[in-house]
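Enquirer:
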Amino acid sequence: MTFSEENCLPYLRAAQNPDGGWGFRSGAQSRIEPTAWALIALDQAFPANTASEAIAQGLRFLSDAQLADGSWPAAAGQGDGAWVTSLACWAFLSTNENRDALKRGLNWIVEERPGDSGAWWRLIRRLTAHKKVSMQNDAYWGWSWTSGTASWVEPTADAILVLGATPRDLLPPQADGRRKLAEAMLFDRMCPGGGWNCGNPMVYGVAGEPQVSTTVWALLALREHAERTEIQQSLAWLNKNWSSIQSPASLALTQIALNAFDCGNSEFSETLARLYEPDAISWSVPVAAWAALAASGKKFWSQRARVEIKN
Amino acid sequence: MAIRRVANYESDLSSVLFETLREFDLPVRGKTVLLKPNLVGLDPIGMMNTHPAVITAARESFLRLGAAEVMVGDGPAMDRDTQAVLESIRLREFAGPLSRFFVDLNTDDVERVLLKTRASRLRELYFPKTVRGVDFLVSMPKVKTHHWAGVTLSLKNMFGVIPGGCYGWPKNILHWAGIDRAILDINAAVRPDFAIVDGIIGMEGNGPIQGVSKAAGVLILGDDPVAVDSTSARIMGLAPEKINHIAHAATLLGHIDAQKIRQLGESIVSTRTPFAVLESFRHLRQEAA
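Protein chains in written order, with this note's numbering: chain A, 1 to 311; chain B, 312 to 600.
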C-alpha cells in the first residue's frame, strides 16, 4: 500500500462532513477551499478507490454554496465571492460535473476586476509615483483574494490555471485577454533571481525572498512558457530549496510543480514519510490532497478538459 | 505596565515573566489563555517573529499562575505554510510538540462579528472561534518598525487573528479598508487582555520583514495595549501621539498619555533605544527629554 493510500485517502474520506463538504481539518466547518481540494484529489489521485457518492455529495455542497452572481465565498455566510471561486470551478472541471455552475463561476472570474485595475487607482499611483515603495508595473493586473482589493500572485495563478484548463466552448470571450494580462503580471512580480512571494518582489529597493507555495502556483500557471529564463530560474530555486523544506505542505506543493515540468524529485515519498506526523498542525485536508496529488505524479491541470462537462 | 531589562534570549525569561506577571494579579486561574505572537514568515535568524524563548516562557508562566490551558495561536500573513514558519523559528525545540498547544488561526473555524466601532470601511469581519472563545487573550508582538503603520506592536499584531482562510495571504482587505482604522476595529472587537512585547531584539528601518536587527534589551508588559504600545514607541524614540493607529486606539481602548500610565520596573529614559525609521516616517521621531 502506498503512503497516499495508507494516510491521505483514509484521512480525506473520514474528514468529509455530513453536509458533503470538508473543513480544513476533520470535524471543522465545511469550506469551499478544502472541499475543492478534497474533490480534486479523490477524483484524480484515487480514481479506483473512491466512492462516487462522496464526490457527488461534495459537488452538491459546492453547488448549494454558490452565490447568485456565480462566485463562491471563502466562508459560509460571506456575501461576496473570493479567490476560492477558481478552486470550486476547478473541482467541477476535474470531475466533469455541473456545467451550469461551472459556467456561471467562470463568467464571474472573467468579469471580476481587482481594485488595482481601476482607472482612478491607477491615476493616483501615477500621480504619487515618487512615493512608490514597490517597483511593480501598474499596467498589469490579475485577480485579488477578496473583491475590490489588489492583485496577488496566488489568486491570479488560480484563475489562470482554471481558465487554461477549461474547454473553449465554456470560456467567456474575454478570457484569453484576461489570462494574457495576468500572465504578464506574474512575470512582472517574480522575485529577482527566481521564485515568487505573495506579490512584493521589491519593497523600498530591497529584494523579497521567494516562498514555496506562491512559486508553485505561479510556475503551474506559467507552465506553457517553460522555455523562458524566469521559469528556469524559478525551477532552479525550487530544486535548490528542496533540502531545506520542513513541512509536508511545502514538500507536496514543490513536487506538484516539479512533476508539471517533468522533473519530479525521486526522494519525494521517502521525504514525505519522514516529515509526516498524523496530528501535526499542518496535516489538513488541503495538505493531504496535495500530498496525494503529488504522489500520483499526475499533471491534473496540464491540458484543457476534452470530455463533455455534464449538466 | 512594566519594563524589564533582559540582555538576551538565553536569560532566565521564565523567572522574569513569572515574577512580573504575578505583580499584575491577573484573573487567569482556571481560565483558558491564548498567546498571540507575531509570526510573519520564515525566519531562521530570529529577527522577524516573536522569539520562541519568549513564547515558551510566557506559556510556562501563565500555567504557573494557574491557567487551565495556555494555547499559542497566530495566522501568519505572508505565508500559508504555518508549520514551515514555526519550524523555521524552532518553536518545537523550545515548547514541545506543536499540536499540543498551537492553533493555526488562518484555518480555524470562524464566526461573523459586526464591528461596532466602524472606524474603517469594514462593517463586519470573521474571527477565529478560538480567539472569541478564550477567557484571556495576550498579544505578544516583536518590537518592529513597519513600512505602512510606522510601528508594529501589540495593537498591529492583532491583524494576525484575522483568518487567511477567509481573506487570503496577505489579508489585503485590511489594507484597503485603511490600516490604521482597521487596527482599531479589530482591537475593539477582540481587545487583548494583556500584552507582552518582545523587545530583546527588534527590527528597525524597512520593517516588518526587510528591516535590520536592533537590540533593545527589554520586555514591555501591561494590561492596557495602548499604554504598552505608547511606552514601547517612546523606548524606540518615537512619539506615540504621531503614530496614527496608536492615537486612534487611544480614543477608545487605553491610555497614550505618559502621565496616566502607571509604570513598574525600568524607566523609559533608562531603556530608550532609538530605532531607525524610513524617510517617510521621520516625523514620528520624538526628541529625547
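Cβ atoms here follow ideal geometry from the backbone N, Cα and C, with glycine treated the same way.
Which runs of the alpha helix (DSSP H) spanning at least 4 residues fall entirely within the segment 458-488 of chain B, listed in chain order?
Expert: Correct list: 475-478.
Enquirer: Run down chain B in chain order and give the residues with a C-beta less than 8 Å from the C-beta of residue 124 (chain A).
Expert: The sequence position of residue 124 (chain A) within the first sequence is 124, counting from 1. By Cβ distance, chain B contributes nothing, its closest Cβ being about 13 Å from residue 124 (chain A), past 8 Å.
Enquirer: Got a sec? Which residues, its chain only, sit under 8 Å from residue 306 (chain A) by beta carbon, not counting five neighbours each side?
Expert: Position 306 of the first sequence, counted from the start, is the residue given in the question as residue 306 (chain A). In this prediction, residue 306 (chain A) has a pLDDT of 47, which is less than 50 and means its spatial position is unreliable; what the coordinates show is noted afterwards. So the list reads 167, once near-sequence residues are dropped.
Enquirer: Return the residues of the segment 144-160 of chain A that lie within a Cβ-Cβ distance of less than 8 Å from chain B, sorted by chain order.
Expert: Those would be 144, 145, 146, 148, 149, 150, 152, 154 and 155, in chain order.
Enquirer: Thinking C-alpha only, which one of B:341, B:538, B:563 and B:587 is nearest residue 579 (chain B)?
Expert: For this step, residue 579 (chain B) is matched to residue 268 along the second sequence. Of the listed residues, the one whose Cα sits closest to residue 579 (chain B) is B:538.
Enquirer: Considering only their Cβ atoms, is the gap separating residue 385 (chain B) from residue 416 (chain B) smaller than 9 Å?
Expert: For the purposes of this step, residue 416 (chain B) is taken as the residue at position 105 of the second sequence. For the purposes of this step, residue 385 (chain B) is taken as the residue at position 74 of the second sequence. Cβ distance < 9 Å, so residue 416 (chain B) and residue 385 (chain B) count as in contact.
Enquirer: Going straight from the alpha carbon of residue 410 (chain B) to that of residue 279 (chain A), what length do you get?
Expert: Along the second sequence, one-based indexing puts residue 410 (chain B) at 99. Along the first sequence, one-based indexing puts residue 279 (chain A) at 279. Residue 410 (chain B) and residue 279 (chain A): Cα-Cα distance of roughly 6 Å.
Enquirer: Are the segment 374-391 of chain B and the segment 341-349 of chain B in contact at 8 Å, needing three or more beta carbon pairs?
Expert: Yes, the segment 374-391 of chain B touches the segment 341-349 of chain B.
Enquirer: Is residue 494 (chain B) close to chain A? Criterion is C-beta to C-beta, closer than 9 Å.
Expert: Taking the first residue of the second sequence as position 1, residue 494 (chain B) is located at position 183. Taking Cβ atoms only, chain A never reaches closer than 9 Å to residue 494 (chain B), which makes this a no.
Enquirer: For residue 437 (chain B), which of helix, strand or coil comes out of DSSP?
Expert: The residue labelled residue 437 (chain B) in the question sits at position 126 within the second sequence. Looking at residue 437 (chain B) - three-state DSSP - the assignment turns out to be strand.
Enquirer: Between the C-alpha atoms of residue 75 (chain A) and residue 64 (chain A), what's the straight-line distance to the nearest angstrom?
Expert: Stepping through the first sequence from its first residue, residue 75 (chain A) is reached at position 75. Stepping through the first sequence from its first residue, residue 64 (chain A) is reached at position 64. So the two alpha carbons sit approximately 13 Å from each other.
Enquirer: At least one CB of chain B closer than 9 Å to the CB of residue 306 (chain A): is that the case?
Expert: Here residue 306 (chain A) refers to the residue found at position 306 when the first sequence is read from its first residue. Unreliable positioning characterises residue 306 (chain A) in this predicted model, as indicated by a pLDDT of 47, which lies under 50. The coordinate reading is nonetheless provided below. It does not: the Cβ of residue 306 (chain A) has no partner Cβ on chain B nearer than 9 Å.
Enquirer: Going along chain A in order, which residues have a C-beta closer than 8 Å to the C-beta of residue 409 (chain B)?
Expert: What you label residue 409 (chain B) is simply residue 98 of the second sequence in a count that begins at 1. 280 and 281, listed in chain order.
Enquirer: Quick check on the DSSP output: the beta strand (DSSP E) that includes residue 338 (chain B) runs from which residue to which?
Expert: One-based indexing of the second sequence puts residue 338 (chain B) at position 27. Premise fails: residue 338 (chain B) is in no beta strand (DSSP E) and is neither H nor E.
Enquirer: If the criterion is Cβ atoms closer than 9 Å, does the pair residue 536 (chain B) and residue 565 (chain B) meet it?
Expert: Residue 536 (chain B) sits at position 225 when you count from the first residue of the second sequence. Residue 565 (chain B) sits at position 254 when you count from the first residue of the second sequence. Result yes, Cβ atoms of residue 536 (chain B) and residue 565 (chain B) sit closer than 9 Å.
Enquirer: Please report the distance separating the alpha-carbon of residue 525 (chain B) from that of residue 202 (chain A).
Expert: Numbered from its first residue, the second sequence carries residue 525 (chain B) at position 214. Numbered from its first residue, the first sequence carries residue 202 (chain A) at position 202. Spanning the two alpha carbons is a distance of roughly 22 Å.
Enquirer: For a test of the three-state rule: what should DSSP assign to residue 246 (chain A), helix, strand or coil?
Expert: Position 246 of the first sequence holds residue 246 (chain A). Residue 246 (chain A): coil per DSSP, three-state reduction.
Enquirer: Would residue 353 (chain B) pass as an interface residue toward chain A - the criterion being a Cβ-Cβ separation below 9 Å?
Expert: Stepping through the second sequence from its first residue, residue 353 (chain B) is reached at position 42. It does: the Cβ of residue 353 (chain B) has a partner Cβ on chain A nearer than 9 Å.
Enquirer: On the criterion of 16 or more Cβ atoms from any shown chain inside 10 Å, does residue 124 (chain A) qualify as buried, or is it exposed?
Expert: Sequence index remark: in the first sequence, residue 124 (chain A) carries index 124 (1-based). The residue in question, residue 124 (chain A), is exposed, as its Cβ has fewer than 16 Cβ neighbours within 10 Å.
Enquirer: Give me the Cα-Cα distance between residue 425 (chain B) and residue 459 (chain B), rounded to the nearest whole angstrom.
Expert: Here residue 425 (chain B) corresponds to residue number 114 of the second sequence, with the count starting at 1. Here residue 459 (chain B) corresponds to residue number 148 of the second sequence, with the count starting at 1. Rounded to the nearest angstrom, the two C-alpha atoms are 26 Å apart.
Enquirer: Does the Cβ of residue 7 (chain A) have 16 or more other Cβ atoms within 10 Å, making it buried, or fewer, making it exposed?
Expert: By 1-based counting over the first sequence, the position of residue 7 (chain A) is 7. When all chains shown are included, residue 7 (chain A) counts as buried.
Enquirer: Bridge partners of residue 348 (chain B), per DSSP?
Expert: Within the second sequence, the letter at position 37 stands for residue 348 (chain B). Paired residue(s): B:451.
Enquirer: Per the contact definition of three or more C-beta pairs closer than 8 Å, is the segment 84-92 of chain A in contact with the segment 154-165 of chain A?
Expert: Output reads yes: the segment 84-92 of chain A touches the segment 154-165 of chain A.
Enquirer: Using the three-state DSSP reduction, which class does residue 425 (chain B) fall into: helix, strand or coil?
Expert: Here residue 425 (chain B) is taken as the residue at index 114 of the second sequence, counted from 1. In the structure shown, residue 425 (chain B) sits in a strand (DSSP, three-state: E or B).
Enquirer: Quick check: is any heavy atom of the ligand SAM less than 8 Å from the C-beta of residue 239 (chain A)?
Expert: This structure does not include the ligand SAM; it has no bound ligands of any sort.
Enquirer: Quick check on DSSP: helix, strand or coil for residue 72 (chain A)?
Expert: Here residue 72 (chain A) corresponds to residue number 72 of the first sequence, with the count starting at 1. The answer is coil: DSSP assigns residue 72 (chain A) none of H, G, I, E or B.
Enquirer: Just checking: is the beta-carbon of residue 413 (chain B) within a distance shorter than 9 Å of some beta-carbon in chain A?
Expert: Taking the first residue of the second sequence as position 1, residue 413 (chain B) is located at position 102. Residue 413 (chain B) counts as touching chain A.
Enquirer: What does a CB cutoff of less than 7 Å around residue 320 (chain B) pick up in its chain, not counting 5 residues either side in sequence?
Expert: Translated into positions along the second sequence, residue 320 (chain B) becomes position 9. Excluding sequence neighbours, residue 320 (chain B) sits near 362, 364 and 511.
Enquirer: Under a three-way DSSP split, which group does residue 298 (chain A) fall into?
Expert: Translated into positions along the first sequence, residue 298 (chain A) becomes position 298. Looking at residue 298 (chain A) - three-state DSSP - the assignment turns out to be coil, as it is neither helix nor strand.
Enquirer: Pull the bridge partners of residue 151 (chain A) from the DSSP assignment, please.
Expert: Residue 151 (chain A) sits at position 151 when you count from the first residue of the first sequence. Paired residues: A:144.
Enquirer: For residue 162 (chain A), would you say it is in contact with chain B, using Cβ-to-Cβ distances shorter than 9 Å as the test?
Expert: In the first sequence, residue 162 (chain A) corresponds to position 162, counting from 1. No - not a single Cβ of chain B is within 9 Å of the one on residue 162 (chain A).
Enquirer: Check whether the segment 173-184 of chain A touches the segment 229-243 of chain A, taking contact to mean three or more Cβ pairs, one atom from each stretch, closer than 8 Å.
Expert: Contact between the segment 173-184 of chain A and the segment 229-243 of chain A is absent, because fewer than three Cβ pairs lie under 8 Å.
Enquirer: Would you mind working out which of A:67, A:82 and A:20 sits nearest residue 56 (chain A), comparing C-alpha positions?
Expert: On the first sequence, residue 56 (chain A) is found 56 positions in, with the first residue counted as 1. Per the Cα distances, A:20.
Enquirer: As a quick exercise: from B:350, B:548, B:476 and B:496, pick the residue whose alpha carbon is nearest that of residue 562 (chain B).
Expert: Numbered from its first residue, the second sequence carries residue 562 (chain B) at position 251. That would be B:496, whose Cα lies nearest to the Cα of residue 562 (chain B).
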